[in-house]
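Notes for the one structure printed next.
Number of protein chains: 2
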Amino acid sequence: MASRKNAFYAQSGGVTAVINASACGVIETARKYRHKIGKMYAGRNGILGALTEELIDTGKERAQHIAALRYTPGGAFGSCRYKLKSPEENPVQYERLIQVFKAHNIGYFFYNGGGDSADTCLKVSRLAERLGYPIQAIHVPKTVDNDLAITDCSPGFGSVAKYVAVSIKEAALDVTSMAKTSTRVFVMEVMGRHAGWIAAAGGLAQEKEGDAPHIILFPEIPFDQAAFLKKVQQSVDRHDYCVIVVSEGVRTAEGKFLAEAGTRDAFGHTQLGGVAPFIANLVKENLKYKYHWAVADYLQRAARHIASKVDVEQSYAVGKAAVELAVKGHNAVMPTIVRQSDQPYKWTLGVARLADVANREKLLPRDFISRDGFGITAKARRYLAPLIQGEDYPPYRHGVPQYARLRNAAVPKKLKAAFQI
Amino acid sequence: MASRKNAFYAQSGGVTAVINASACGVIETARKYRHKIGKMYAGRNGILGALTEELIDTGKERAQHIAALRYTPGGAFGSCRYKLKSPEENPVQYERLIQVFKAHNIGYFFYNGGGDSADTCLKVSRLAERLGYPIQAIHVPKTVDNDLAITDCSPGFGSVAKYVAVSIKEAALDVTSMAKTSTRVFVMEVMGRHAGWIAAAGGLAQEKEGDAPHIILFPEIPFDQAAFLKKVQQSVDRHDYCVIVVSEGVRTAEGKFLAEAGTRDAFGHTQLGGVAPFIANLVKENLKYKYHWAVADYLQRAARHIASKVDVEQSYAVGKAAVELAVKGHNAVMPTIVRQSDQPYKWTLGVARLADVANREKLLPRDFISRDGFGITAKARRYLAPLIQGEDYPPYRHGVPQYARLRNAAVPKKLKAAFQI
């Protein structure tokens with residue numbers, strides 16, 4: 017038992033409705049391998065916690081609170097937007113990480129994030145080996161953007177996708193009820209600065225020809241104002257209304273974000289508004305239709321109340337698999353989702369080498385977008401539909417969800433030197 | 017049976033997540049009183065359908081589709097923003113209504129709306145009598161704004177309230193996870209142009225001292241920029257982050273809407289953005305915190321997927337009660353919700369005279385707002401909490417809710433003259 021190593025888990029980057037389900041999978045599974053894995057520490061505010069030696073002892077949490085992570089959105093231990101520089105640029109950071117890991121007898125590093133953190137995870141693994149303190153580094157995939165390579169989908173995406181599809185379906189019923197005398201055009205802005213996966217998911221609200229959304233604007237398709245306005249006009253002519261999903265990352269042909277291309281406020285600052293008000297205004301200026309717009313922002317990626325059951329299961333499964341891979345001796349790998357069939361949807365777990373995942377971005381394939389650039393194809397639908405299947409409701413008390421509240425007890429520091437971030 | 021009159025039901029004004037539950041209550045109950053009520057017609061696009069003689073025969077819908085209205089958001093027959101002028105100003109409108117009612121042997125008028133439509137309902141009842149074709153006019157209460165007089169709450173409000181409380185709770189978990197290195201301040205804009213009921217409901221997300229929301233901005237309290245910024249600063253100092261709920265109707269001390277008081281775009285137009293981006297920018301300019309903002313807009317009032325069970329039950333109940341009142345011979349009345357106790361929450365139905373309801377607006381009482389003007393009191397909490405109790409999930413298929421799709425079969429017109437709106 018003396019050789020038994022402790023483990024470190026950290027959440028990285030933007031959190032999701034289900035990243036804690038992965039944490040739950042990691043912690044619950046580690047507890048089953050007590051003969052191999054000693055304590056399970058978590059980084060307070062992600063990798064920052066490792067650098068500053070602010071570790072949380074998840075062993076102090078009761079089993080029922082860890083179980084509650086499965087249905088709790090956000091990052092239960094804190095996450096951060098902090099990318100380690102390359103070891104050449106900033107070797108001190110990596111040396112510090114290894115020092116902290118060494119001080120706390122940490123032999124397993126579970127890093128729960130997107131493409132950037134897969135890269136960090138890989139670097140930590142390589143550096144640790146070079147510095148003579150080998151660590152098994154396993155990446156746990158997570159991103160609402162669905163842009164991770166190799167894995168069929170990214171845990172976190174399915175739930176945002178479901179939120180967007182459900183929201184569009186509901187808002188469209190509102191708009192169509194009143195289109196004769198009120199709002200004709202409704203614009204909903206969704207996340208996705210580089211890839212249009214989330215915007216595409218809005219297309220799942222459409223079950224029949226003529227259903228909303230009538231237009232989807234993708235970051236992959238340069239914005240063509242004339243074609244767009246023509247399409248809006250057509251939709252209103254045919255259906256009395258027009259529902260538009262717009263990705264925050266939509267750009268002009270020159271590559272400029274629409275949200276920034278537009279207007280300035282009275283002080284000359286770039287306008288605060290997102291792209292939804294910009295698009296809505298464009299419609300009003302040119303077509304005179306009454307409009308409304310919504311910007312879901314964090315609501316979409318925090319909406320655990322309407323999470324996809326498939327997504328929750330996959331998020332838990334990759335957490336569990338990460339620990340099992342570690343126990344089996346793997347290093348510098350990431351569990352992946354492997355699709356076996358679309359309908360009925362079947363999936364299993366696979367393994368990818370981090371070298372193949374790190375810093376690669378999976379854009380929406382062109383054949384997922386309809387020829388006119390304003391909708392999704394049957395192929396996209398086949399891919400997307402299974403990912404929003406099933407509901408997985410959290411428990412409620414007094415009308416609001418009862419999400420986990422952890423103690424997050426600090427592990428006493430062992431190093432004398434503080435570390436300046 | 018020859019004396020059996022037909023009925024007319026219309027939806028009025030902004031639709032809600034549960035106005036169709038009232039329609040369901042009206043139609044299902046009318047079907048039980050076939051010996052008293054003949055056909056149940058609905059107005060296509062609300063009262064416009066009555067004026068233009070565009071009636072829908074709800075008798076052509078199968079029972080299961082009518083039952084599905086209970087969990088379908090939006091207005092299934094169409095609604096409109098169209099206020100009848102006073103009979104003195106525009107007697108022709110009322111005469112036309114009576115003509116249409118007479119032509120289709122309509123003796124019952126069920127009008128499902130807010131304060132304005134209660135007034136219309138009353139006028140129709142009075143005019144009908146004066147014109148020698150008496151009609152029993154019953155108002156069915158509905159408004160997300162919760163500003164109807166006499167009734168303890170307005171059907172439609174509880175579901176928006178729940179959506180806002182749940183959304184704030186979830187988004188707050190996201191923000192607090194990352195506040196150390198990312199967003200510190202999150203602003204969510206909610207509906208309520210005159211009354212702060214919906215904003216107040218955001219306060220239900222708070223279960224413990226320090227929980228979000230940290231600040232609520234009400235239309236009832238003139239915006240005090242200095243006090244607001246100080247409060248934001250305090251919240252970030254104490255909790256690392258600050259979550260703000262802002263009502264769209266927040267005004268300056270001079271009575272100007274904040275959303276309009278602010279900035280202009282490059283072309284000199286008033287800025288498109290709502291009040292959320294305005295508030296977020298204020299924080300950034302003065303305190304330099306990184307911010308995010310969301311504008312839920314129609315999503316909040318269409319969010320049937322997270323409707324309040326209490327609200328759904330009450331919405332159905334007032335529809336049912338309206339028909340029962342009609343059958344008993346009542347006229348110019350509205351069923352109301354009467355609260356019997358807060359905890360456990362008990363309610364029953366009452367009846368109000370339309371003359372007491374019409375054109376009155378119930379603002380948030382000052383003692384529901386904390387002394388500093390930025391939160392809700394225990395009294396507000398006692399009132400609000402029961403209204404968001406319980407979940408009432410719609411059925412799903414392929415990951416999205418299966419909402420009713422009605423045939424909305426047209427009733428053949430009987431009048432020769434068309435009516436110009």
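Chains as they are written, first to last, in this note's numbering: chain P, 17 to 437; chain B, 17 to 437.
Using N, Cα and C, we set each Cβ at its ideal position, and we do this for glycine too.
Secondary structure at residue i, three-state DSSP: helix, strand or coil?
i: tyrosine 57 of chain P; result: strand
i: alanine 195 of chain B; result: coil
i: arginine 398 of chain B; result: helix
i: serine 386 of chain B; result: coil
i: leucine 380 of chain B; result: coil
i: isoleucine 184 of chain B; result: helix
i: isoleucine 404 of chain P; result: helix
i: arginine 465 of chain B; result: Coverage of chain B is limited to positions 17 through 437, which leaves residue 465 of chain B absent and any answer about it impossible.
i: isoleucine 35 of chain B; result: helix
i: isoleucine 441 of chain B; result: Outside the modelled stretch of chain B, which goes from 17 to 437, sits residue 441 of chain B, for which no answer is possible.
i: arginine 452 of chain B; result: As shown, chain B starts at 17 and ends at 437. That puts residue 452 of chain B outside it, with no answer to give.
i: alanine 434 of chain B; result: coil
i: alanine 425 of chain P; result: coil
i: glycine 30 of chain P; result: coil
i: phenylalanine 244 of chain P; result: helix
i: arginine 97 of chain B; result: coil
i: arginine 209 of chain B; result: coil
Taking Cβ positions, are residue i and residue j nearer each other than 9 Å?
i: valine 262 of chain B; j: glutamate 205 of chain B; result: yes
i: alanine 26 of chain B; j: glycine 62 of chain B; result: yes
i: glutamate 377 of chain B; j: glycine 131 of chain B; result: yes
i: serine 183 of chain B; j: glycine 90 of chain P; result: no
i: cysteine 258 of chain P; j: phenylalanine 202 of chain P; result: yes
i: alanine 188 of chain B; j: aspartate 227 of chain B; result: yes
i: isoleucine 214 of chain P; j: aspartate 161 of chain P; result: yes
i: alanine 425 of chain B; j: threonine 68 of chain B; result: no
i: proline 235 of chain P; j: isoleucine 260 of chain P; result: no
i: isoleucine 404 of chain B; j: histidine 321 of chain P; result: no
i: valine 349 of chain B; j: histidine 155 of chain B; result: yes
i: isoleucine 35 of chain B; j: serine 331 of chain B; result: yes
i: glycine 208 of chain B; j: serine 324 of chain B; result: no
i: tyrosine 412 of chain B; j: glutamine 418 of chain B; result: yes
i: glutamine 152 of chain P; j: tyrosine 124 of chain P; result: yes
Looking at the unbroken alpha helix (DSSP H) that takes in residue i, where does it start and where does it end?
i: alanine 310 of chain B; result: That residue, alanine 310 of chain B, is in no alpha helix (DSSP H); its beta strand (DSSP E) goes 307-311.
i: leucine 341 of chain P; result: 325-343
i: histidine 414 of chain B; result: That residue, histidine 414 of chain B, is in no alpha helix (DSSP H); it is neither H nor E in DSSP.
i: asparagine 302 of chain B; result: 291-303
i: isoleucine 237 of chain P; result: That residue, isoleucine 237 of chain P, is in no alpha helix (DSSP H); it is neither H nor E in DSSP.
i: glycine 218 of chain P; result: 213-218
i: glutamine 316 of chain B; result: 314-318
Identify the continuous beta strand (DSSP E) that holds residue i and give its terminal residues.
i: cysteine 258 of chain P; result: 258-263
i: arginine 355 of chain P; result: 349-357
i: lysine 25 of chain P; result: The question names lysine, but residue 25 of chain P in the sequence shown is tyrosine. Run containing tyrosine 25 of chain P: 21-27, per the beta strand (DSSP E) assignment.
i: glutamate 104 of chain P; result: First-last for glutamate 104 of chain P: undefined, no H or E at that position.
i: lysine 362 of chain B; result: 362-369
i: isoleucine 231 of chain B; result: 231-233
i: phenylalanine 202 of chain B; result: 201-206
Taking residue i as the reference, which of the options has the closest Cα?
i: threonine 268 of chain B; options: B/Asp190, B/Val180, B/Leu85 and B/Ala242; result: B/Ala242
i: glycine 30 of chain P; options: P/Ala84, P/Tyr57, P/Pro381 and P/Gly94; result: P/Gly94
i: alanine 33 of chain P; options: P/Lys76, P/Glu145, P/Lys158 and P/Lys395; result: P/Lys158
i: tyrosine 305 of chain P; options: P/Gln250, P/Lys52 and P/Arg146; result: P/Gln250
i: threonine 364 of chain B; options: B/His51, B/His155, B/Arg397 and B/Asp327; result: B/Asp327
i: valine 101 of chain B; options: B/Leu138, B/His120, B/Ala165 and B/Asn36; result: The sequence as given places lysine at residue 101 of chain B; valine does not occur at that position. Of the candidates B/Leu138, B/His120, B/Ala165 and B/Asn36, the one whose C-alpha sits nearest the C-alpha of lysine 101 of chain B is B/Leu138.
i: glycine 391 of chain P; options: P/Glu77, P/Ala217, P/Lys272 and P/Ile154; result: P/Ala217
i: valine 311 of chain P; options: P/Glu340, P/Ala275 and P/Leu245; result: P/Ala275
i: glutamine 436 of chain B; options: B/Asn106, B/Tyr49, B/Ile43 and B/Glu44; result: B/Asn106
i: valine 291 of chain B; options: B/Val266, B/Gly271, B/Lys300 and B/Tyr307; result: B/Val266
i: lysine 429 of chain B; options: B/Gln109, B/His120 and B/Ala401; result: B/His120
i: tyrosine 314 of chain B; options: P/Leu315, P/Thr136, P/Arg317 and P/Trp309; result: P/Trp309
i: arginine 13 of chain B; options: B/Tyr399, B/Leu303, B/Ser28 and B/Pro103; result: Here chain B has residues from 17 to 437 only, and residue 13 of chain B is not among them.
- Could you pull out every unbroken alpha helix (DSSP H) segment of at least 4 residues lying fully inside the region 64-90 of chain P, listed in chain order? Qualifying alpha helix (DSSP H) stretches, in chain order: 79-84.
- Item | In chain order, each alpha helix (DSSP H) run of at least 4 residues that lies wholly inside the region 115-157 of chain P | Fully enclosed alpha helix (DSSP H) runs of 4 or longer: 131-146.
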